[in-house]
Amino acid sequence: MLFLLQESCQCLFKLVCFYPPWFSTCNGAAQEPPPPQVPVGSEAPGLLSSDETHKVYRQKLEEVTSLQTACSSSIHRQKKTLRDLKHSLQRCKPRATPEEFALIEQISTQIKERQNAFFDMEAYLPKKNGLYLNLVLGNVNVTLLSNQAKFAYKDEYEKFKLYLTIILLLGAVACRFILHYRVTDEVFNFLLVWYYCTLTIRESILISNGSRIKGWWVSHHYVSTFLSGVMLTWPDGLMYQMFRSQFLAFSIFQSCVQFLQYYYQRGCLYRLRALGERNHLDLTVEGFQSWMWRGLTFLLPFLFCGHFWQLYNAITLFELSRHEECKEWQVCVLAFTFLLLFLGNFLTTLKVVHTKLQKNKDKMKKL
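According to our numbering, the sequence shown is numbered sequentially starting from 1.
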């Protein structure tokens with residue numbers, strides 16, 4: 001077993017230390033090629049003609065493409081080696097001595113660090129789109145090569161969320177108190193469908209570029225898209241009118257909470273990025289995450305209120321589904337969808353709060 005551990009250490013050492021010369025370009029912003037040597041000519045001293053400049057550009061572009069392919073292949077091979085090494089270490093654990101177990105834990109930590117490094121490298125390399133992006137955009141490369149382009153796209157995403165949240169808030173207020181027409185309700189619901197569809201596409205592109213948003217807060221927008229689509233197809237009638245005011249009031253409250261979250265999360269993220277505690281591509285979310293613990297706990301009552309309002313919507317719709325005049329399938333589907341949103345949001349937020357409290361308790365015990 002000791003021999004196997006030694007081999008594992010040697011393998012990991014090779015992965016960490018021996019990279020091809022071009023490999024460092026993957027871990028960080030894509031390095032710009034050196035400027036072409038500009039010959040001094042009689043017609044335009046010190047400048048290349050446009051044809052020559054374009055020719056050099058095409059050559060450099062081919063070199064970049066070749067480097068991307070080689071880098072992706074190398075990362076794929078090394079990730080496979082790390083997986084095999086990890087499985088070998090797992091087999092060694094049950095029979096390991098205390099010294100060997102400590103060595104296994106040390107190697108496992110280094111493997112995890114290398115996997116995180118590979119994740120950062122792949123953010124600057126072309127990759128296959130997921131199923132959703134393939135269905136929407138096709139097999140198009142959505143990887144942005146420079147940090148500047150990534151940050152600009154992320155900022156545009158954040159501004160899009162802010163502007164649409166304000167528009168949805170105004171739309172919900174208008175539909176609730178001023179415009180009592182089915183047509184305006186359909187426009188509002190269509191805007192919700194378009195908003196959540198656009199969010200899912202933009203988030204998928206950001207994930208392809210290294211953003212670490214994951215888990216329920218990604219799935220949440222897919223569920224919200226489905227819910228808004230069902231609301232859009234719900235025909236006007238007694239059941240719709242009985243639920244309309246409650247849904248619009250919920251939309252007003254949700255937009256207000258999302259605006260508060262965006263405003264305070266953006267400031268918190270800016271402060272944590274300056275301290276080096278958060279990634280530059282971290283996004284604001286419609287929920288609560290561990291990094292929000294310092295400074296944003298005052299948002300928790302509003303979040304829990306929104307979660308329980310979703311439960312209240314589900315209960316109301318279940319009661320409407322038992323009404324003698326209820327014939328629309330949308331009522332039951334919306335009830336289950338609101339219940340799913342409540343369970344996902346509430347349990348995820350509760351898990352984050354419990355984990356953070358447990359960590360704080362462990363820290364106090366150590367002191």
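Even for Gly, the Cβ is constructed at its ideal location relative to N, Cα and C.
- When DSSP states are grouped into helix, strand and coil, Glu-328 belongs to the coil group.
- Looking only at Leu-168, Ser-66, Glu-328, Ile-111, the smallest Cα-Cα distance to Asp-84 is reached by Ile-111.
- Per DSSP, the unbroken alpha helix (DSSP H) holding Tyr-132 starts and ends at 131-137.
- C-alpha of Thr-69 to C-alpha of Gln-115: approximately 19 Å in a straight line.
- Here Ser-49 carries a coil assignment [DSSP, helix/strand/coil].
- Three or more Cβ pairs drawn from the region 224-231 and the region 337-348 lie within less than 8 Å of each other, which places the two stretches in contact.
- According to the DSSP assignment, Tyr-153 belongs to the alpha helix (DSSP H) that extends over 147-177.
- Annotation: Lys-80 to Leu-133 spans about 25 Å, alpha carbon to alpha carbon.
- Spanning the alpha carbons of Phe-160 and Leu-170 requires a straight line of approximately 16 Å.
- In this structure, Leu-199 lies away from Leu-168, with their beta-carbon atoms at least 8 Å apart.
- Taking 8 Å as the cut-off, the Cβ atoms of Ser-72 and Arg-176 do not count as close.
- Here Cys-305 is exposed. Its C-beta has fewer than 16 other C-beta atoms within 10 Å.
- Here the alpha carbons of Val-331 and Thr-165 stand approximately 26 Å from one another.
- Relative to the Cα of Leu-125, the nearest Cα in the group Ile-75, Ala-174, Pro-301 belongs to Ile-75.
- In this structure Ile-252 is not in contact with Ala-174, their Cβ atoms being roughly 10 Å apart against a cut-off of 8 Å.
- Each residue's CA atom was taken as its position, placing Cys-256 and Phe-302 some 10 Å apart.
- Proximity to Asn-345 across Trp-309, Phe-259, Glu-324, Ile-315 peaks at Trp-309, based on C-alpha coordinates.
- Separation of Val-56 and Gly-130 (C-alpha to C-alpha, rounded to the nearest whole angstrom) is 34 Å.
- Secondary structure of Asn-189 (DSSP, three-state): helix.
- By the Cβ rule, the region 314-324 does not count as touching the region 347-354, because fewer than three pairs are nearer than 8 Å.
- One alpha carbon belongs to Ser-108, the other to Val-333, and they sit about 46 Å apart.
- Here the alpha carbon of Glu-325 sits roughly 14 Å from the alpha carbon of Pro-235.
- Taking the CA atoms as reference points, Val-140 sits about 27 Å from Thr-53.
- CA-CA distance, Thr-316 to Trp-329, rounds to 15 Å.
- In the structure shown, Asn-313 falls within a helical segment according to DSSP collapsed to helix, strand and coil.
- For Ile-201, the three-state secondary structure derived from DSSP is helix.
- The beta-carbon distance between Ile-104 and Leu-82, rounded to whole angstroms, is 14 Å. This is too long to meet the 8 Å contact definition.
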